[in-house]
Structure formats: structure tokens, C-alpha cells
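2 protein chains.
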Amino acid sequence: MKQVKVGIIGFGTVGTGTVKILLNKRDLIKKRTGIDLVLKKVADKNIEKPREISLPKELLTTDAGEIIRDPEIDIVVELVGGTTVAKEFIMEALKNGKHVVTANKALLAEHGNEIFREAFERGLKIGFEASVGGGIPIIKVMKEGLVANKMLAIYGIINGTTNFILTKMTDEGIDFQDALRQAQTLGFAEADPTLDIEGIDSAHKITILASLAYGIPFSFDRVYCEGITKITAQDIAFAREFGYKIKLLAIAKILNGEIELRVHPTMVPEHYLISKVDGVFNAIYVEGDSVGSTLYYGRGAGSMPTGSAVVADIVDIAKGVNTMPLDFSEKYSIKPMEEIESMYYFRFTALDRPGVLSKISGVFGEHNISIASVIQKGRAQGAVPLVILTHKAREKDVLQALEKIDKLPVVSDKSVFIRVEGEEA
Amino acid sequence: MKQVKVGIIGFGTVGTGTVKILLNKRDLIKKRTGIDLVLKKVADKNIEKPREISLPKELLTTDAGEIIRDPEIDIVVELVGGTTVAKEFIMEALKNGKHVVTANKALLAEHGNEIFREAFERGLKIGFEASVGGGIPIIKVMKEGLVANKMLAIYGIINGTTNFILTKMTDEGIDFQDALRQAQTLGFAEADPTLDIEGIDSAHKITILASLAYGIPFSFDRVYCEGITKITAQDIAFAREFGYKIKLLAIAKILNGEIELRVHPTMVPEHYLISKVDGVFNAIYVEGDSVGSTLYYGRGAGSMPTGSAVVADIVDIAKGVNTMPLDFSEKYSIKPMEEIESMYYFRFTALDRPGVLSKISGVFGEHNISIASVIQKGRAQGAVPLVILTHKAREKDVLQALEKIDKLPVVSDKSVFIRVEGEEA
């Protein structure tokens with residue numbers, strides 16, 4: 002039986018899950034694939050701290066180099082995270098002829114071009130199933146399952162923290178800060194939640210999916226990225242009145258050869274399946290030109306789900322598979338955010354006076370923005386919310402119109418807008 | 002560049018989609034995989050009839066043998082359907098050393114053991130992604146993406162016709178016959194819809210998924226199979242009152258080493274994602290012991306979606322991949338249907354007299370069936386529906402209790418029951 006030796010750098014949450022699966026599923030994987038995966042060594046800065054699974058001393062080391070340079074090890078699994086030492090480990094492992102498996106979305110999104118070039122030139126493989134969607138085998142689906150498809154569009158809920166927060170806000174009518182605090186208490190958000198709530202983690206992941214879908218270089222710096230910190234319970238309630246939910250979507254789509262890459266809160270029709278993806282769960286909607294609409298759902302994080310993806314990669318590489326000669330060198334052009342077209346939701350805080358709607362819609366008209374529906378809430382002494390849904394408009398026109406509207410004397414606070422997906426009314 | 006030659010037997014709906022994709026995506030697939038897929042020949046009884054894509058005469062033949070015996074052809078794609086000539090074509094192709102790709106779920110479910118044994122002994126591959134879930138890459142997901150998982154449970158909506166009918170009945174309150182007629186008019190149901198509406202097609206497909214999940218021989222004759230013909234608009238309405246939808250689920254799960262294999266209408270909590278899978282769409286929920294809950298959604302039929310799956314299989318085989326040495330020889334035991342445990346929905350047609358509920362619940366009590374909730378609709382002169390939801394009970398106890406209840410003088414019509422999934426109340 003073919004033996005393949007594996008070394009793991011990083012014995013944290015995902016490392017622990019991976020070790021557990023490698024040990025507990027060794028026989029199952031042998032039976033299913035004819036390959037014997039041998040865990041040769043695990044490296045971590047701290048090998049004293051107790052973990053859910055305890056390993057014999059000789060399997061542990063504090064020196065990652067022992068793994069990277071071990072001539073017996075075939076596959077190096079990088080699970081330390083971050084973009085500094087992790088990169089060094091991976092580049093060195095490749096230089097030593099090792100295949101690499103990683104869950105590190107930040108690293109691939111930001112340095113993927115360099116890493117994949119190195120691997121490509123050396124004929125080595127990089128498994129990165131665990132970098133997007135946790136246990137959901139979305140990378141394999143896109144690379145292999147949908148290999149006969151041009152990917153028309155990808156819409157992903159690919160950050161569990163923000164989806165948990167938005168779900169809490171929606172179900173309980175609470176504010177962002179309260180929901181964030183709950184997420185932190187439950188361990189679904191970190192003490193510094195910036196990467197998640199500002200959409201950066203989602204941007205990392207959509208960078209990877211877009212490169213896979215379109216064969217283009219990793220283009221993290223070209224992703225438009227807007228987080229969920231400004232979403233209010235009020236906007237969620239209005240969205241519901243119009244039949245929408247607010248989700249943080251990561252979007253990649255192609256139209257007339259131009260690729261859109263963006264992460265932002267999005268109003269999604271509530272009867273869409275992706276609207277029902279709640280809590281920490283992830284889902285990726287992929288539209289292929291042959292297959293049509295598909296969706297993949299599961300846990301986007303966690304020790305065992307992510308470990309499941311890491312081990313699937315190890316198995317694929319051990320089988321000598323891993324498919325595409327991953328070469329992200331397609332020529333491409335990314336549409337500037339100002340040029341995208343979308344439907345929009347606006348909330349204005351306006352004095353409740355006759356003529357306000359006519360003034361605002363006048364500005365919209367000047368900028369080719371056509372109104373689909375309006376909600377004007379009850380009469381009040383001071384300012385009241387005026388909510389407008391538009392047909393498809395160009396982002397640039399919207400920004401220009403808003404600048405004018407925010408200067409109108411009848412408009413008190415700064416206006417709010419959220420992009421809207423779905424069929425046009 | 003590696004060239005792989007393909008012959009297709011059957012130029013119908015799926016054959017046409019496959020041919021279109023092979024021709025139109027030849028360059029894309031070359032670029033993505035480094036493999037040049039050459040369509041060498043297409044066989045059909047009728048090669049005169051106009052199709053969506055027209056092929057040069059020399060590519061067409063009425064003799065499948067020309068493909069099966071062509072020494073240049075590497076992969077034979079069987080798309081004629083049925084369990085007679087299709088089987089001969091596949092067995093002969095294998096004997097001629099060809100790899101085989103098929104969308105034929107009936108054939109695999111009923112003769113898969115013989116076919117896979119032949120392939121296994123000859124070291125040949127059988128691709129069958131298109132046999133379940135149309136364009137959804139569920140076979141690949143289960144074989145490879147979730148290779149590190151023991152599959153705890155599979156719940157599938159894997160027949161688009163019945164899901165369309167149930168969705169119509171649910172959304173429009175119409176009866177089964179009306180919904181079936183609509184499905185036939187729209188081309189979603191065949192003139193003879195038996196295979197679909199009696200659950201047989203779903204049973205074929207769950208047979209395949211169960212063999213894949215548990216490594217067991219194809220066991221179609223062991224699948225409990227009940228269709229949707231007895232579902233009424235009334236039961237759908239009551240289900241809704243309890244917070245459930247009625248779906249035709251194909252279920253495979255393992256508990257204490259015993260496998261359950263069953264297809265039947267099932268009440269599913271309406272907040273479950275799979276409840277939202279409507280119309281002709283399919284979805285398969287897979288629970289793995291590492292990955293947890295996952296779900297895969299897409300079109301379960303159609304020329305292009307199914308063609309997408311066929312071509313993905315061709316690519317995998319061309320790459321020399323196709324993973325597991327498919328050997329369905331695990332020892333197994335399938336739980337007799339009478340021994341399964343489930344929650345149940347009952348609808349009795351009872352005279353509206355005091356003491357009816359006490360009589361019925363008395364019988365339930367004798368058979369260890371515990372009631373969770375009751376709806377008794379308005380008072381009427383004659384018989385009224387009495388609806389009961391139970392906690393988990395054993396199927397055998399339920400059947401015995403029903404036999405007694407149906408003999409009670411206060412119960413007029415034959416009782417109706419539907420199995421219920423979800424958490425216990």
C-alpha cells in the first residue's frame with residue numbers, strides 16, 4: 002500500500018482537527034483510497050499546552066524546519082495563518098520539493114501569485130480547499146465538478162462571523178454592537194473583529210474563488226470591500242418590508258469580458274435560497290453556463306469541518322491528482338466599482354414636508370436613476386425616514402446623486418445606501 | 002497535449018447537451034486541464050432527426066458497436082437509458098477495455114454490482130456523476146470532497162418531477178392530479194409518470210448514494226419506496242399549520258451499524274434549508290462526522306446540467322483520476338422498515354363525538370406511541386379530520402395501532418400517516 006508522509010506546521014484549532022482526522026480516519030481512508038496517510042510530525046511554538054488530542058513526544062517539535070527539511074515528508078500542511086512566517090514556511094517547503102496544503106486565505110489572496118508560480122515551476126501541488134468555505138468542498142466543485150462550465154457568477158456568504166451578526170440583528174431586531182458582542186461571547190468573533198466585520202476576510206476568499214473561476218492572477222487589491230458596521234436594525238426592518246434580507250455577499254461575476262469583484266452588504270430577495278443561510282453557516286452560489294444555478298452549503302469554519310477539507314486535499318495530492326495545472330495567468334480586466342450596475346436601496350432622513358420626494362426624485366432623474374418603489378413612514382414633527390428602491394443604476398451616478406441630495410436643506414442626516422440583488426421589479 | 006477520444010451512445014436530451022459541451026468547451030477544457038477531448042463518434046437509432054446541434058455525417062452512426070469496438074476510443078458514454086441494451090453496451094465496452102461514463106441510475110441501481118465488478122477486475126473506471134442530482138457534483142463531493150468523513154445521514158430531494166408537483170400543490174393548494182397535469186404540460190413529467198411519482202427514480206438514486214457512502218453493494222431491492230400519489234392538499238395544509246413542508250425525501254442513514262434506506266413523503270420543518278428547495282430543483286443534504294451539515298443544490302435534470310456532469314466525468318477519467326478503487330463489498334445490514342423509528346403525522350377521519358380522541362390515544366398508548374400535538378378542526382355534523390403529531394415511535398407499532406384504530410366505529414375513512422423529520426418537540 003502506498004504510504005504518504007505528512008507534516009503539519011501549526012497545532013491550533015484547525016491543526017488539532019486535522020491531526021484527529023488523520024489519526025482516527027487512517028483506516029477509513031486506506032479502505033477508500035488505497036493510500037496510507039502517515040502523520041510524521043507536528044510543529045508548533047507551544048507543544049506543552051494540552052490539546053483535545055495528545056500526541057507522543059517524538060511526533061512533536063517546536064522547529065518547523067524539521068518538517069520542511071525532512072526528506073521523508075511528502076506533504077507539508079501549513080496551518081499557522083498570517084502572511085509572514087506562513088509564507089516563509091510554504092516557500093521553503095516548495096523549494097524542498099514538498100507539496101503544500103494550506104487553509105491560509107489571507108496568504109493566498111495577498112501572495113498567491115508568487116506561491117503558485119513557485120509551485121507551478123517546480124511541478125508541485127498546492128491544496129487550498131480549506132481556505133474558502135471551511136468544510137464545503139467548493140474548490141473541488143469549481144475546479145473539477147464544474148470543469149465544463151464558464152462561471153457566470155459567484156455569490157458567497159463566506160464569513161460566518163458576519164453572517165451570525167446579521168442573522169442575530171434580523172431575528173432579534175438588535176443593533177450591530179449588541180450582535181457583535183454576542184458573537185464575541187460565543188467565540189464566533191475575535192477580540193479584534195476587524196478582518197471579519199470590515200469584509201476583508203470575505204475579500205480574501207472571493208479573491209481565491211475568482212482566480213479559480215476565471216484563471217486570473219490573485220487580485221486582492223482590486224476587490225471592492227465594504228463591511229457591515231454601518232448596517233442598522235432599521236435598515237434590516239425596511240429590507241424586510243420590501244421582501245429582502247441583508248447579507249454580506251462576496252461577488253465575482255463576468256459580463257462582456259469584464260470581471261466584477263466586490264464584497265458589501267447586499268439586499269437579497271428573501272425567497273432566494275441563499276437568504277435562508279443563517280448563523281455561522283456559509284454558502285456559495287455558483288452559476289455556470291452549462292449547469293445553471295447551484296449552491297453549496299455548510300460550516301465555514303471550525304476545527305473538524307476545516308480539518309475535513311485539509312485532509313481531502315492531502316488525499317488528492319497523495320493520489321497524485323489535484324487536477325488543473327494551476328496557472329493563474331489569464332489576461333483580464335476588472336470593472337472599476339464606479340462602473341458597476343446594481344439596484345439600490347436608499348434611506349434618507351428628511352424633513353416631513355411636501356415636495357421632499359419630488360426634490361430627491363428630481364436629482365435621481367438628472368442622474369439616470371429610476372425609482373422602483375418608495376416607503377415614507379408616518380408623519381412626524383422632525384425628520385422621518387424616506388426609503389427608496391431603484392431600478393438598475395450605475396454606481397457612479399448613484400454617488401454623484403447622493404452628494405447632491407445630502408446637500409439639500411430638507412435632508413438632515415447623511416444618506417444610507419445598500420446594493421440590491423435579484424430580478425428587477 | 003494528451004488527446005482522449007470519446008464515443009457517445011444515445012443522442013437524446015442528455016446526449017445533445019454532452020455533445021454541445023464537448024464541442025463548445027473543448028478549448029476551455031484544454032486550457033483548464035491540459036487534455037484535448039475529441040468527440041470521435043455518436044450513435045443513435047435515429048440519426049436523421051434534427052437536433053439542437055448538427056454533426057457532420059461521418060461522426061454519426063446507427064451502430065453502437067462501431068463505438069464499442071473502435072480501438073481508438075478511450076471512453077464510451079452510455080446515454081440510452083433503460084436496463085436492457087444499455088447494460089449490454091456497457092458490459093461490452095468494458096470487455097473491450099473502455100472506460101465508461103453513464104447517467105443511467107436505473108441500470109446502476111439494479112445491475113451496478115455486476116457492472117462495477119467487471120470494471121474493477123479490468124481496472125477500468127465508471128463515471129456516474131450524472132446519475133444522481135443532474136448537474137450537482139454530488140458523487141465527486143461524496144467520493145473525494147468528504148473522503149475524510151463517515152457519512153452519518155443523507156437526505157435528498159433527488160427527483161425534480163415530484164418536487165415540482167409538491168411545490169405546486171403547496172403554493173397553489175391544488176390537488177395531486179392537477180399538479181401532475183401541469184408538470185406534464187410543462188414537460189417536467191412523462192406521459193407515464195410512474196417511475197417518478199411512485200418514488201422509484203428516487204429509490205434508484207439513493208441506492209447509488211448509499212453504496213458510495215457506505216461502500217456497500219447496490220441494494221435497490223432493499224429500499225423502502227413510497228410515492229406521492231396519496232398526498233392531498235389537505236395534508237399539505239395541516240403540515241403547514243404544524244410548521245412543516247411535505248417533500249419526497251430519499252433517506253440513507255446509519256445508526257449502530259444498521260443502514261436505513263427509504264424513500265417516502267416526509268414532513269420537514271419549514272425552516273430547514275431543504276424545505277426551501279422548490280420546483281424542479283434538487284438538493285442533497287449530507288451529514289458527515291467531521292464536516293457536519295452540508296447541502297448541495299442545483300438542477301437535477303436537463304440537457305445542459307446533466308451534460309455538465311457527464312463531461313466532468315469524462316475529464317476525470319481522461320486525467321486518469323477517478324479516485325477510489327470502487328469496490329462496493331462492505332458487509333452491511335439494512336434495517337427492516339418495520340424497525341425504523343420516526344415521528345409521525347396522522348390524519349383520522351372521525352365522527353365528531355366526545356371520547357374519540359381518548360379512544361385513539363388509548364390505542365396509541367397501548368403501542369408505545371406518545372402524542373406530541375393534536376389539531377381537531379371545527380364541529381361538524383358528519384366526520385371531521387383529527388390530526389395528531391407523535392414523538393418518535395417504531396414503524397411496526399404504528400402499523401399495528403393503525404390497524405386497530407381503523408376498525409374503531411368512530412373512525413370512518415382509512416387513516417393517513419406521513420413520517421416526520423426534525424428535532425423532537
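Residue numbers (my numbering), protein chains in the order written: chain S, 2 to 426; chain Y, 2 to 426.
Using N, Cα and C, we set each Cβ at its ideal position, and we do this for glycine too.
Nothing here was measured: the structure is a model prediction, and the numbers come from that model.
For alanine 87 of chain Y, the uninterrupted alpha helix (DSSP H) run begins and ends at 86-96, by DSSP. For histidine 112 of chain S, there is no enclosing beta strand (DSSP E); the enclosing alpha helix (DSSP H) has its first and last residue at 106-123.
When the five nearest sequence neighbours on each side are left out, the beta carbons in the same chain lying within less than 6 Å of the beta carbon of arginine 263 of chain S are those of Tyr225, Ile252, in order along the chain.
In this chain, the beta strand (DSSP E) harbouring tyrosine 156 of chain Y covers 152-158. Residue contact with chain S for isoleucine 217 of chain Y: absent (no Cβ-Cβ distance below 7 Å to any residue of chain S). Secondary structure of glycine 308 of chain Y (DSSP, three-state): helix. Chain Y places no beta carbon closer than 7 Å to that of methionine 344 of chain S, leaving this residue out of the contacts. According to DSSP, residue pairing for alanine 319 of chain S in a beta bridge does not occur. Between tyrosine 245 of chain Y and proline 270 of chain Y, the C-beta gap is smaller than 7 Å, which places the two residues in contact.
Nearest neighbour of glutamate 227 of chain Y by Cα position, chosen from Y/Glu191, Y/Val292, Y/Ser203, turns out to be Y/Ser203. Within 10 angstroms of the beta-carbon of isoleucine 406 of chain Y lie 16 or more other beta-carbons, which makes it buried. Under the Cβ distance rule, alanine 313 of chain Y counts among the residues neighbouring chain S, one pair being separated by less than 7 Å. Residues of the stretch 18-42 of chain Y with a Cβ closer than 8 Å to any Cβ of chain S, in chain order: Gly18, Ile22, Lys26, Leu29, Ile30, Lys32, Arg33, Thr34, Gly35. Alanine 107 of chain S and isoleucine 54 of chain Y have their alpha carbons spaced roughly 45 Å apart. Among the CB atoms of chain S, one or more fall inside 7 Å of the CB of alanine 149 of chain Y. The beta-carbon of proline 270 of chain Y is placed no less than 7 Å from the nearest beta-carbon of chain S. Chain-ordered listing is empty here: chain Y has no CB closer than 8 Å to the CB of valine 7 of chain S, the nearest sitting near 13 Å. Among the residues of the stretch 156-181 of chain S, none has a Cβ less than 8 Å away from any Cβ of chain Y.
The continuous beta strand (DSSP E) containing methionine 344 of chain S extends over residues 342-352. Going by DSSP, lysine 21 of chain S is part of no beta strand (DSSP E) but of the alpha helix (DSSP H) stretching over 14-25. By alpha-carbon distance to glycine 423 of chain Y, the top candidate from Y/Tyr333, Y/Leu274, Y/Ile166 is Y/Leu274. The Cβ atoms of isoleucine 229 of chain Y and threonine 171 of chain Y do not sit closer than 7 Å to each other. Just so you know, the alpha carbons of aspartate 290 of chain Y and glycine 188 of chain S end up roughly 22 Å apart. If you ignore the 5 residues before and after valine 281 of chain Y, its C-beta comes within less than 6 Å of the C-beta of Gly161, Phe165, Phe189, all in its own chain and listed in chain order. Distance from the CA of phenylalanine 418 of chain S to the CA of isoleucine 209 of chain Y, rounded to the nearest whole angstrom, comes to 49 Å. Under the DSSP definition of a beta bridge, tyrosine 297 of chain Y partners with S/Tyr297, Y/Ile285. By the 16-neighbour rule on beta-carbons within 10 angstroms, glycine 301 of chain S is buried. When only Cα atoms are considered, proline 57 of chain S and phenylalanine 12 of chain S end up about 14 Å apart. The beta carbon of valine 78 of chain S sits no closer than 7 Å to any beta carbon of chain Y. Proximity of threonine 295 of chain S to chain Y, defined by a Cβ-Cβ separation below 7 Å, is satisfied. For methionine 143 of chain Y, not one C-beta of chain S is nearer than 7 Å to its own C-beta. In the structure shown, serine 374 of chain S adopts extended strand secondary structure according to DSSP, grouped into three states. Within the stretch 187-218 of chain Y, Gly216 place their CB atoms closer than 8 Å to a CB of chain S, listed in sequence order. For the 7 Å CB-CB criterion, leucine 387 of chain S and phenylalanine 329 of chain S do not form a contact. Counted as a single uninterrupted DSSP element, the stretch harbouring aspartate 37 of chain S is not any alpha helix (DSSP H) but the beta strand (DSSP E) occupying residues 36-44. The beta carbon of lysine 415 of chain S lies closer than 7 Å to those of Asp407 in the same chain, with the five residues before and after it left out.
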